[in-house]
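Using this note's numbering, the first residue of the sequence shown is number 16, and each one after it goes up by one.
Virtual Cβ for every residue (Gly too), placed ideally from N, Cα, C.
One structure below.
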Amino acid sequence: MPLSNPEGTHQTLLLIATKTSNQSLTSNAAATPIIYNTKDYDPYNGYVSSGTGQGIYTVPAWFSGIVELTCAASVSFSGGGSSGTETIVLSAYKNGTFIGELDRALATAIAGASDGAGNSIYIPSVSPGDTVEARIQTLYTAATGTITIVGSAKNQLSLVGWST
């Protein structure tokens, strides 16, 4: 339900999704879409949590304005990393184009430990049919080892829109 304020804007909760299953990542690769595979709240059915286009939210036909994207990701590194040099980068994309970084965090890279990143970013000039997504990139010095986004209730994505 849209909420209004004296300035004439309407605030609408567009999406809440949770990452409940693990997702493997490739080190030093291009930013990868984060797949929040459980839709907790998606009244406009805009988020694709599985199959083609997964991890992407399509803005409803009636909405234009600003979207606040908030997300978190807990990442587990295993094998051979160097503490304090492994990095987790969360970014926001609109229509497949980089908008900005949400967070950049140094990781301990201790085998079996989980490190995390999370924050919010505002995406301006969002129009009907635009796509919005969170992506992750891991910079890991080990030649071998695995990187996993851990399925956990702590790993959530939310989208709030302000329309005029």
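DSSP state of residue i, grouped into three classes?
i: residue 16; result: Because residue 16 carries a pLDDT of 44, less than 50, the predicted location of this residue cannot be relied on, and the following value inherits that uncertainty. Of the three classes helix, strand and coil, the one that applies to residue 16 here is coil, per DSSP.
i: residue 69; result: coil
i: residue 21; result: With a pLDDT of only 47 at residue 21, under 50, the local geometry of the prediction cannot be trusted, and the value read off the model is given with reservation. Coil at residue 21, not helix or strand.
i: residue 57; result: coil
i: residue 43; result: coil
i: residue 178; result: strand
i: residue 36; result: coil
i: residue 164; result: strand
i: residue 51; result: coil
i: residue 155; result: coil
i: residue 173; result: strand
What distance in whole Å lies between the Cβ atoms of residue j and residue i, which are believed to be in contact at a cut-off of 8 Å?
i: residue 172; j: residue 101; result: Not a contact, Cβ separation roughly 23 Å.
i: residue 49; j: residue 149; result: 5 Å
i: residue 87; j: residue 151; result: About 10 Å separates the two Cβ atoms, so there is no contact after all.
i: residue 62; j: residue 72; result: 5 Å
i: residue 165; j: residue 104; result: The Cβ separation is near 17 Å, so there is no contact.
What do you get for residue i, buried or exposed, if any count of 16 or more other CB atoms within 10 angstroms of its CB means buried?
i: residue 32; result: buried
i: residue 111; result: exposed
i: residue 66; result: exposed
i: residue 29; result: buried
I'd like to confirm something about residue i: is its beta-carbon nearer than 7 Å to some heavy atom of the ligand ADP, or not?
i: residue 81; result: For the structure depicted, the ligand ADP is absent and the ligand set is empty, with no information on it obtainable.
Using the Cα positions of residue i and residue j, report the straight-line distance between them to the nearest angstrom.
i: residue 74; j: residue 141; result: 8 Å
i: residue 132; j: residue 179; result: 31 Å
i: residue 77; j: residue 176; result: 12 Å
i: residue 143; j: residue 79; result: 6 Å
i: residue 163; j: residue 42; result: 10 Å
i: residue 170; j: residue 34; result: 5 Å
i: residue 13; j: residue 113; result: Because the chain here runs from 16 to 179, residue 13 falls outside it and cannot be looked at.
i: residue 167; j: residue 36; result: 7 Å
Original post:
Hey, which unbroken runs of the beta strand (DSSP E) at 3 residues or more fall wholly within the region 75–152?
Top reply: 80–93, 101–109, 112–122 and 129–141
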